[in-house]
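Written out below as structure tokens is the structure these notes cover.
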Amino acid sequence: MVKHHPSYHQVKLDTCRMTSLMPKNSNPEEIESMQQIVTRLVISVLVDNPSLHYYQGFHDICYVFFSVLGERESRMLLNKLIPTHFSLFMQKSMDVTLEYMQLIFALLEHVSTSVLNSIESVELGPDFAIAWIITWFAHVLPNMDDVRRLFDLFLATDPIMLVYVSVAIITISAKEVESTPLDFALLYQTLARLPKLHPVEELIREALKIYIDLEPDKLIELGNKRILKYREQKLLNRSPIIRQPFSKPTNKHILWGLVTQHQRTIFSLSLIVIVISYLLNKSLKD
1 MVKHHPSYHQ
11 VKLDTCRMTS
21 LMPKNSNPEE
31 IESMQQIVTR
41 LVISVLVDNP
51 SLHYYQGFHD
61 ICYVFFSVLG
71 ERESRMLLNK
81 LIPTHFSLFM
91 QKSMDVTLEY
101 MQLIFALLEH
111 VSTSVLNSIE
121 SVELGPDFAI
131 AWIITWFAHV
141 LPNMDDVRRL
151 FDLFLATDPI
161 MLVYVSVAII
171 TISAKEVEST
181 PLDFALLYQT
191 LARLPKLHPV
201 EELIREALKI
211 YIDLEPDKLI
221 ELGNKRILKY
231 REQKLLNRSP
241 IIRQPFSKPT
251 NKHILWGLVT
261 QHQRTIFSLS
271 LIVIVISYLL
281 NKSLKD
């Protein structure tokens, strides 16, 4: 089943490149075994969710869960998380993900207009942060403890907390951003390396402070304006059918669903994590 899945070869290529996430003292046999397990885990989750598509970076997500919970429990938890946390990134195209990224600039405009102006002055979009968002920072942070700490945060709060952490990273790094010459390539390089520059607890504190200052409902309202602006820019090159930006009243758009579902999912997700932890501890004792 695994080898016959359409995404198998791409998943296998990606898992072969994820050694940076693994324990430094792993021998070649252990590394190969973990790569095979994560490949099987990714494909299993895709089989469980046939309407969704693999994206490069999802293997990083799967490895982090596997490293804590093991294969079987990770599959259970991922299937529970996918509708609210990952399905947005697993569409046939990246269009919805790229629209979601506009929330970063919507929030940054609220928090620090000067930093946003510096970035936009060289016509740089929020694409520099795509690896942050779609891998929950697993692909960009060198310390696995920091990655797991952020995973804890994202599981315990809103799915949209990804955006708040991303903006916290940028605002804490305002000096680095504003001291970089206004050149597209140089500024892109500076922004891409920002997550590694500050202690993760500092980033979390700043993100929560921003979250309290501007709750998700209001961020969505600001995001609508950014989405429309983004679509208008795309129309300069092509003329697709314009959809309505994500909105609160209809509650139909996938982005708004991502935000509004958190209240009814956090308790169930926490319960699942508790049950899985109990079963894992019990199996270790036995």
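If you're matching positions, the sequence shown starts at 1 in UniProt numbering and goes up one per residue. Cβ coordinates follow ideal geometry from the N, Cα and C atoms, glycine included.
Proximal residues to residue 19 (C-beta, below 7 Å), its chain only, five neighbours per side dropped: Taking the first residue of the sequence shown as position 1, residue 19 is located at position 19. Answer for residue 19: 31, listed in chain order.
Under 8 Å between C-beta atoms of residue 42 and residue 55: On the sequence shown, residue 42 is found 42 positions in, with the first residue counted as 1. On the sequence shown, residue 55 is found 55 positions in, with the first residue counted as 1. Cβ atoms of residue 42 and residue 55: not closer than 8 Å.
Residue 91 vs residue 230 beta-carbon contact at 8 Å: In the sequence shown, counting from the first residue as 1, residue 91 sits at position 91. In the sequence shown, counting from the first residue as 1, residue 230 sits at position 230. Not in contact: residue 91 and residue 230 (Cβ atoms no closer than 8 Å).
Cβ separation of residue 13 and residue 60, assumed to be a contact under 8 Å, to the nearest whole Å: The residue you call residue 13 lines up with position 13 of the sequence shown. The residue you call residue 60 lines up with position 60 of the sequence shown. Residue 13 to residue 60, Cβ: 13 Å. No contact.
For residue 133 and residue 216, the rounded distance between their alpha carbons: Here residue 216 is taken as the residue at index 216 of the sequence shown, counted from 1. Here residue 133 is taken as the residue at index 133 of the sequence shown, counted from 1. Distance between the alpha carbons of residue 216 and residue 133 is about 16 Å.
Cβ pair count under 8 Å reaching 3, the segment 138-153 against the segment 199-212: yes
Supposed contact pair residue 170 and residue 115 - C-beta distance, whole angstroms, cut 8 Å: Looking up residue 115 in the sequence shown gives position 115. Looking up residue 170 in the sequence shown gives position 170. With a Cβ gap of about 6 Å, residue 115 and residue 170 count as contacting.
Expected contact under 8 Å - CB spacing of residue 85 and residue 181 to nearest Å: As a first step, residue 85 must be located in the sequence shown, where it is residue number 85. As a first step, residue 181 must be located in the sequence shown, where it is residue number 181. With a Cβ gap of about 37 Å, residue 85 and residue 181 do not count as contacting.
Nearest neighbour of residue 166, chosen from 105, 88 and 47 [CA to CA]: Translated into positions along the sequence shown, residue 166 becomes position 166. Answer by Cα proximity: 105.
Closest residue to residue 44 among 77, 111 and 28 (Cα-Cα distance): If you number the sequence shown from 1, residue 44 lands on position 44. Selected option, being the one with the closest Cα: 77.
Reduced DSSP secondary structure (H/G/I, E/B, other) of residue 132: By one-based count along the sequence shown, residue 132 stands at place 132. In the structure shown, residue 132 sits in a helix (DSSP, three-state: H, G or I).
For residue 110, the first and last residue of its enclosing alpha helix (DSSP H): The residue you call residue 110 lines up with position 110 of the sequence shown. That run of the alpha helix (DSSP H) goes 95-111.
Residue 135 to residue 57 span [Cα, whole Å]: Taking the sequence shown and counting its residues from 1, one reaches residue 135 at position 135. Taking the sequence shown and counting its residues from 1, one reaches residue 57 at position 57. About 5 Å.
Nearest candidate by alpha-carbon position, reference residue 71, set 37, 9 and 16: Translated into positions along the sequence shown, residue 71 becomes position 71. Of the listed residues, the one whose Cα sits closest to residue 71 is 37.
Alpha-carbon to alpha-carbon, residue 211 and residue 3: The count along the sequence shown starts at 1 and reaches residue 3 at position 3. The count along the sequence shown starts at 1 and reaches residue 211 at position 211. Each residue's Cα considered, the two are about 43 Å apart.
Length of the line joining the Cα atoms of residue 64 and residue 107: Taking the first residue of the sequence shown as position 1, residue 64 is located at position 64. Taking the first residue of the sequence shown as position 1, residue 107 is located at position 107. Those two C-alpha atoms are separated by around 28 Å.
Beta-carbon proximity check, residue 126 vs residue 196, cutoff 8 Å: Counted from its first residue, the sequence shown places residue 126 at position 126. Counted from its first residue, the sequence shown places residue 196 at position 196. Going by C-beta atoms, residue 126 is not nearer than 8 Å to residue 196.
Where residue 18 falls: helix, strand or coil (DSSP): The count along the sequence shown starts at 1 and reaches residue 18 at position 18. Residue 18: coil per DSSP, three-state reduction.
Nearest-angstrom Cβ-Cβ length linking residue 46 and residue 5, presumed shorter than 8 Å: Taking the first residue of the sequence shown as position 1, residue 46 is located at position 46. Taking the first residue of the sequence shown as position 1, residue 5 is located at position 5. Rounded, the Cβ-Cβ distance is 6 Å, consistent with contact.
C-beta atoms of residue 82 and residue 49 nearer than 8 Å: Stepping through the sequence shown from its first residue, residue 82 is reached at position 82. Stepping through the sequence shown from its first residue, residue 49 is reached at position 49. Result yes, Cβ atoms of residue 82 and residue 49 sit closer than 8 Å.
Where residue 290 sits in the DSSP three-state scheme: Residue coverage of the chain in this structure runs from 1 to 286, which leaves residue 290 outside it and unanswerable.
Status (buried if at least 16 other CB within 10 Å, exposed otherwise) for residue 17: Your numbering for residue 17 matches position 17 in the sequence shown. Residue 17 is exposed by the Cβ-count criterion.
C-alpha gap between residue 241 and residue 232, whole angstroms: Numbered from its first residue, the sequence shown carries residue 241 at position 241. Numbered from its first residue, the sequence shown carries residue 232 at position 232. Low confidence applies here, because residue 241 scores a pLDDT of 42, under 50, leaving its location unreliable; read the following figure in that light. If you take the alpha carbons of residue 241 and residue 232, they lie about 12 Å apart.
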